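K.L.:
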Amino acid sequence: MPNHYFSRLLLLFSCTILFASSVMSQGTTPSGISPANKARIDALMKSMTLDEKIGQLSLFTSDWDVTGPSLNGNYKKLIREGKVGAIFNAYTVDYVRNLQKIAVEESRLKIPLLFGYDVIHGHRTIFPIPLGEACSWNLAAIEHAERIAATEATAEGINWTFAPMVDIARDPRWGRVAEGAGEDTWLGCKIAAARVKGFQGNDYTTNNTLIACVKHFAAYGAAMAGRDYNTVDMSLLSLYEWYLPPYKAAVDAGVGSVMTSFNEIGGVPSTGNKWLLTDLLRNEWHFNGFVVTDYTSINEMLNHGIAGTIKDAARLALNAGVDMDMQGSTYLNSLDSLLKEKNITFSRIDDAVRVILEAKMKLGLFDDPFRYCSRERQEKDIMTPEALASARKMVSESCVLLKNEKNTLPIPASAKKIAVIGPLGDSKKDMLGNWSAAGNWEKCVTLLEGLKAKAGTGVEIFYEKGCNVNDDDRTGFDAALKLATKADFVILALGENGWMSGEASSRAHIDLPGVQNDLAEAVVKTGKPVAAVLFNGRPLAITRLSAAAPAILETWFGGTQAGNGISDVLFGDFNPSGKLTMTFPRTEGQIPVFYNAKNTGRPYQSSDPGAKYVSRYLDCPNDPLYPFGFGLSYTTFTYSGISAVVSGNKVTITAQVKNAGNRDGEEVVQLYVQDKVGSITRPVKELKGFQKVMIKKGESKSIMFNITTDDLAFYHPDLKKSWEPGEFVAYIGTSSAETLSAPFYIK
Ligand code: GLC
C-alpha cells in the first residue's frame, strides 16, 4: 500500500479513536462530574499557579473551635493568598460567609473554600453518641439522624463533615469506641452505609447535603492496649476480614472523602501508606473522592520515625495518595521544593488538586459559594420540633436494659417519692458526650429534668449527688442515704464524665470511677427498690454494680434530649429494645473479649468447668459480663422452632418468636452463622442478619432470614474472598449468647 494511503488511513484511525474517546467522555467521568463541569475544572487548573495548586491541598482550623494540638493563626492571610483549600472548625452563617468572601473576592482566582467540621452525632441537636445509636439497631433511624445533622450543619455554613467514624474496636479501654458502631464488622458495614447516605443524601446540589468523610482509615480501633494513637499490628488476613470492610462499605455508598488514621499498620503509618491509600483505596476499591489526613498526621510521621524531615514526610504522604494536609502546613511549605528536586511529580499534584476541585464543583460552590450561608435556613432549620422528637426517640431506642430483677423497672405507679442519687443525675454538660460539635449543653435535658417533666401529679422527685464522678469524697453519702430511706423508689445516676471517652481518653481501669460503687452498694442496702442508670462512652466493667443493683439501664450519653428519652423508658412509655453492639467485660483482664472469637484447639467447655488444660483463666470466667447483642425488654420473648433449609446456594433460616409477656415490645432478632470447618479457622459464630420487629403481647411472629453462599464467604491468604462447602450451624436468638441452633450442609 502506497505510503500516503497508509498515513491517511492512520490519521483516519487516530481521529476515530479521539472522537470515540470524547464521545465516551460525554458520559460522567468516574468522579461523577459532568463533562461541562470537568471542562470548567480543566480550564481553571490551566490558569492556576503552582502555589495556588498547592494551596488547594491545605486545610486549616479556624479559631472558632480547636480539635487538636496546634493552631494556625494566620489562616485568613493564607486564604487571601490563595493558599487554603478548606477551613474546619468554623460555622454559623456570618462567620463562614466572612471567610468565604475573603476567598472568592480577595484571592486571585476566587476559588471557594470547603468548610469541614466534626458533626459526629448531631450538629445543634445532639443525638446519642454513635455507639449508643448503634445499639438501637435501627438503620433507618441512624440514617435519619445524620439527615437531621446534615440539615442543621449546612444551615450554618458547613458542607463537609469528618464522619462517619467506622473503626471496628474490641477494646473498651480505647476512648474512641464512643464514636463508632462497636465490635462487629457486618453490622459496622450496615451502619457505615446508613450514615454516609444520611449525610450525603442522593444529590449534592441541594444545599442540605454535605460531603461525608469516612474515618479513620484504617484500623485505628485496634490500637494496642486500647491506648489511643498506639501501634496497630495485625495480619493482613485480620485486616481484611475484620477491620477494612466498614471503610469499603462507606466507599461503596459513595462517600466523598476519606481521612487517614494516626496509627501505623504493619510498620507504616496510614498517612504515608501507599498500599493503603492508592493500591487498595483507589485502585482496588475505585474510590474517586479525596483523601485528607487527620490532624497534623503528616508531621507526626517524624515521631513515628518513618520520615527524618517534614519535607520527607510531605513527600511520603503525597506519593502515598494523601490529597489534603490537615493543619500540618507541610504541603504548603515543602511541595514546591520537592517538585524542583523531582521527588514528586506535577501530575500527582494535579490529581490531588482535581479531586478537591471536583468536590467543590459537586457541591455547587463554584456556582454559588454562599449557598450554605442562608440566614433564613439558619433560623428555621435548627433544633426543630421534628429534630428534637427524633433525638428523643433515638435516646430511648439506644437505651439497653442490662438487668431488671423482679421487674424493678418501669417505675411503678405507686412510687410517689422518687430519689435520684448520683453524680450524673443533673449534669447538663455530661449529657452531650464527646465530639458534640456545636451542641449547646445548656439546652440539654438532664435525667432529673426529664423525670420531673414526665412524672405524674402527686409524684415528688428529689435529688442528691452523693459523690463526684471520679474522686474519693464520701461526704455526700449521708444526705444521699437519708434521701433514699425516705423514698419509694431510687434511681442511681452513675458513670463517666462526658470527656472520659472520645479522643485521647483511654482508661486503663474501666469500672465505675471514684467511689460510685460504694455509693451504689450503700443505697441498695437501704432495701429500697433501686434502678441504676448508666451514663458512659464505652463498655464498663461494672461487675460490682451488676451484683448490687436489681436493675441497670445503659443510656450512654444521650445528647440534647437525654433526660426526656431516658424518662420515657424509666416510666414505661417506651419499652427498651436496645442491644449491645460491644461486649461488656467483667474485668480489664479479659480484654479483648468479643463474641465472634475463634474456638481454639483447647476450648473451655461449660460442661466440664474443672478441666485444667483448656483456654481459661484461673481467676475469672471466660464469658463477659454482658455479651454482644444483649438487651432486655419489659416483656419477655421466647424463641422456638428454628429450621434451616438449603436450596442450591441459598439457605432459609426461620424461627418463631413469641411475646410471652404482658406488654407489646420490639425485639432485635439476630441471625448468626458458624462455619464448622474451613481452610482458615472460623469464629464460633458471626452476625449475618437481624430483624427489629414489634410483637404485640401474647402474639408470635415467624421470622425468616434468607442468606446465600456469598454471605458465608471469608478472606483467604491470597486476600480473595470465597466460601467453602461443608457443615454450618445457623443460630437465631435474642443475643449472641442466647440462641436456638439448626445445622445445615451446603455442598
Ligand atoms: C482529630 C480527630 C479526628 C477529627 C480531626 C478534626 O484529631 O482524630 O477524628 O476529625 O482531628 O477535628
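Under our numbering, the first residue of the sequence shown carries the number 44, and numbering increases by one thereafter.
Don't be surprised by glycine CBs; every beta carbon is placed ideally from N, CA and C.
Here the structure is a predicted model, which is why all the values come from computation and not from measurement.
Per DSSP, Q633 forms a beta bridge with which residues?
P.N.:
One-based indexing of the sequence shown puts residue 633 at position 590. In DSSP, Q633 forms no bridge with anything.
K.L.:
Can you find the residues in the same chain that come closer than 8 Å, C-beta to C-beta, to I738, ignoring five residues on each side of it along the sequence?
P.N.:
Translated into the one-based positions of the sequence shown, residue 738 becomes position 695. Only F680, V700, K701, N702, D707, G708, E709, E710 and K744 meet the Cβ criterion.
K.L.:
Considering only heavy atoms of the ligand GLC, does any lie closer than 7 Å to the CB of D368?
P.N.:
Residue 368 sits at position 325 when you count from the first residue of the sequence shown. D368: no, Cβ never under 7 Å from the ligand GLC.
K.L.:
M302: beta carbon under 7 Å from a heavy atom of the ligand GLC?
P.N.:
Position 259 of the sequence shown, counting from 1, holds the residue named residue 302. Yes, Cβ of M302 sits closer than 7 Å to a heavy atom of the ligand GLC.
K.L.:
Of the residues A183, G223, S179 and Q243, which one's Cα is nearest the Cα of N202?
P.N.:
Start at 1 with the first residue of the sequence shown, and residue 202 comes out as number 159. Comparing alpha-carbon positions, the option among A183, G223, S179 and Q243 lying closest to N202 turns out to be Q243.
K.L.:
Any chance the CB of E189 is under 7 Å from a heavy atom of the ligand GLC?
P.N.:
Indexing the sequence shown from 1 puts residue 189 at position 146. For the ligand GLC, not one heavy atom lies less than 7 Å from the Cβ of E189.
K.L.:
DSSP state of N749, grouped into three classes?
P.N.:
Here the question's residue 749 lines up with position 706 in the sequence shown. Strand, per DSSP.
K.L.:
Could you give the residue range of the beta strand (DSSP E) that holds Q18?
P.N.:
This structure does not reach residue 18, given that the chain is present from 44 up to 790, and the question cannot be answered.
K.L.:
Ignore the nearest five residues each way along the sequence and tell me which others in G608's own chain have a CB closer than 6 Å to its CB.
P.N.:
Here residue 608 refers to the residue found at position 565 when the sequence shown is read from its first residue. Only R435, V438, S439 and G601 meet the Cβ criterion.
K.L.:
Using only CA atoms, which one of Y338, D295 and L382 lies nearest to F305?
P.N.:
The sequence position of residue 305 within the sequence shown is 262, counting from 1. If we check each option's Cα against that of F305, Y338 comes out closest.
K.L.:
Nearest to F333 by alpha carbon, out of F205, G519, Y669 and A183?
P.N.:
The residue given as residue 333 occupies position 290 in the sequence shown. Among F205, G519, Y669 and A183, the Cα nearest to that of F333 belongs to F205.
K.L.:
On a Cα-Cα basis, can you pick out the residue from I746, D761 and E781 that is closest to Y669?
P.N.:
Within the sequence shown, the letter at position 626 stands for residue 669. Proximity to Y669 across I746, D761 and E781 peaks at E781, based on C-alpha coordinates.
K.L.:
Provide the residue span of the beta strand (DSSP E) that contains Q717, from first to last.
P.N.:
Here residue 717 is taken as the residue at index 674 of the sequence shown, counted from 1. G708 to D718 is the span of the beta strand (DSSP E), which, as asked, contains Q717.
K.L.:
Return yes when the C-beta of K258 is under 7 Å from any heavy atom of the ligand GLC, and no when it is not.
P.N.:
By 1-based counting over the sequence shown, the position of residue 258 is 215. Yes; taking the cut-off as 7 Å, the Cβ of K258 has a heavy atom of the ligand GLC nearer than that.
K.L.:
Is E176 near S441, with beta carbons less than 8 Å apart?
P.N.:
Reading the sequence shown from its first residue, position 133 is the one you call residue 176. Reading the sequence shown from its first residue, position 398 is the one you call residue 441. In contact: E176 and S441 (Cβ atoms closer than 8 Å).
K.L.:
Exposed or buried, which one is M747 when buried takes at least 16 other CB atoms within 10 Å?
P.N.:
Taking the sequence shown and counting its residues from 1, one reaches residue 747 at position 704. Its Cβ having fewer than 16 others within 10 Å, M747 is exposed.
K.L.:
In the region 420–451, which residue ranges form an unbroken alpha helix (DSSP H) of at least 4 residues, counting only runs that do not cross its ends?
P.N.:
428–441
K.L.:
Please identify the residue among I211, S722, I461 and N117 whose C-alpha is closest to the C-alpha of G269.
P.N.:
On the sequence shown, residue 269 is found 226 positions in, with the first residue counted as 1. Selected option, being the one with the closest Cα: I211.
K.L.:
Are L406 and I185 touching if we call contact CB-CB under 8 Å?
P.N.:
As a position in the sequence shown, residue 406 is number 363, starting the count at 1. As a position in the sequence shown, residue 185 is number 142, starting the count at 1. No, these two residues do not count as a Cβ contact at 8 Å.
K.L.:
Quick check: T603 and V576, are their CB atoms within less than 8 Å of each other?
P.N.:
What you label residue 603 is simply residue 560 of the sequence shown in a count that begins at 1. What you label residue 576 is simply residue 533 of the sequence shown in a count that begins at 1. Their beta carbons are not under 8 Å apart, which means T603 does not touch V576 by this criterion.
K.L.:
Distance, Cα to Cα, Y415 vs T197?
P.N.:
Taking the sequence shown and counting its residues from 1, one reaches residue 415 at position 372. Taking the sequence shown and counting its residues from 1, one reaches residue 197 at position 154. When rounded, the distance between both Cα atoms is 6 Å.
K.L.:
Tell me the rounded alpha-carbon separation between V689 and D754.
P.N.:
Numbered from 1 along the sequence shown, position 646 holds the residue referred to as residue 689. Numbered from 1 along the sequence shown, position 711 holds the residue referred to as residue 754. Between V689 and D754, the C-alpha separation is close to 14 Å.
K.L.:
Around the Cβ of Y290, are there at least 16 other Cβ atoms within 10 angstroms (buried) or fewer (exposed)?
P.N.:
By 1-based counting over the sequence shown, the position of residue 290 is 247. Y290 is buried by the Cβ-count criterion.
K.L.:
In three-state DSSP terms, what is T724?
P.N.:
Here residue 724 refers to the residue found at position 681 when the sequence shown is read from its first residue. T724: coil per DSSP, three-state reduction.
K.L.:
In chain order, what residues of the same chain lie with their CB nearer than 6 Å to the CB of A791, ignoring the 5 residues before and after it?
P.N.:
Since the displayed the chain opens at 44 and closes at 790, residue 791 lies outside it and no answer follows.
K.L.:
With DSSP as the reference, identify every bridge partner of W203, one or two as the case may be.
P.N.:
In the sequence shown, counting from the first residue as 1, residue 203 sits at position 160. W203 pairs with G159 and I254.
K.L.:
Can you tell me which residues form a DSSP beta bridge with Y788?
P.N.:
For the purposes of this step, residue 788 is taken as the residue at position 745 of the sequence shown. Among the bridge pairs identified by DSSP, Y788 is matched with E770.
K.L.:
Would you call the region 452–468 and the region 140–153 in contact, with 3 or more CB pairs under 8 Å?
P.N.:
no
K.L.:
Mind checking if L87 is an interface residue toward chain B, Cβ cutoff 8 Å exclusive?
P.N.:
In the displayed structure, chain B is absent; only one protein chain is listed.
K.L.:
What does DSSP give as the partner residues of N702 in its beta bridges?
P.N.:
Here the question's residue 702 lines up with position 659 in the sequence shown. According to DSSP, which records beta bridges pairwise, N702 is partnered with F680.
K.L.:
Which term fits D368, buried or exposed, when burial requires 16 or more other beta carbons within 10 angstroms of its beta carbon?
P.N.:
The residue you call residue 368 lines up with position 325 of the sequence shown. When all chains shown are included, D368 counts as buried.
K.L.:
Quick one: give me the first and last residue of the beta strand (DSSP E) that E539 is part of.
P.N.:
Stepping through the sequence shown from its first residue, residue 539 is reached at position 496. Run containing E539: none; DSSP gives neither H nor E here.
K.L.:
Residues in the same chain with beta-carbon distance under 6 Å from K508, minus the five sequence neighbours each way, listed in chain order, please.
P.N.:
Here residue 508 refers to the residue found at position 465 of the sequence shown. So the list reads P466 and G519, once near-sequence residues are dropped.
K.L.:
In whole angstroms, what separates the C-alpha of V139 from that of A133?
P.N.:
As a working note, residue 139 is residue 96 in the sequence shown. As a working note, residue 133 is residue 90 in the sequence shown. If I take the Cα positions, the gap works out to 6 Å.
K.L.:
Pull up the distance between the alpha-carbon of E770 and that of L730, whole angstroms please.
P.N.:
Along the sequence shown, one-based indexing puts residue 770 at 727. Along the sequence shown, one-based indexing puts residue 730 at 687. Distance between the alpha carbons of E770 and L730 is about 17 Å.
K.L.:
Is it true that the CB of A592 sits closer than 8 Å to the CB of V567?
P.N.:
The residue labelled residue 567 in the question sits at position 524 within the sequence shown. The residue labelled residue 592 in the question sits at position 549 within the sequence shown. Yes.
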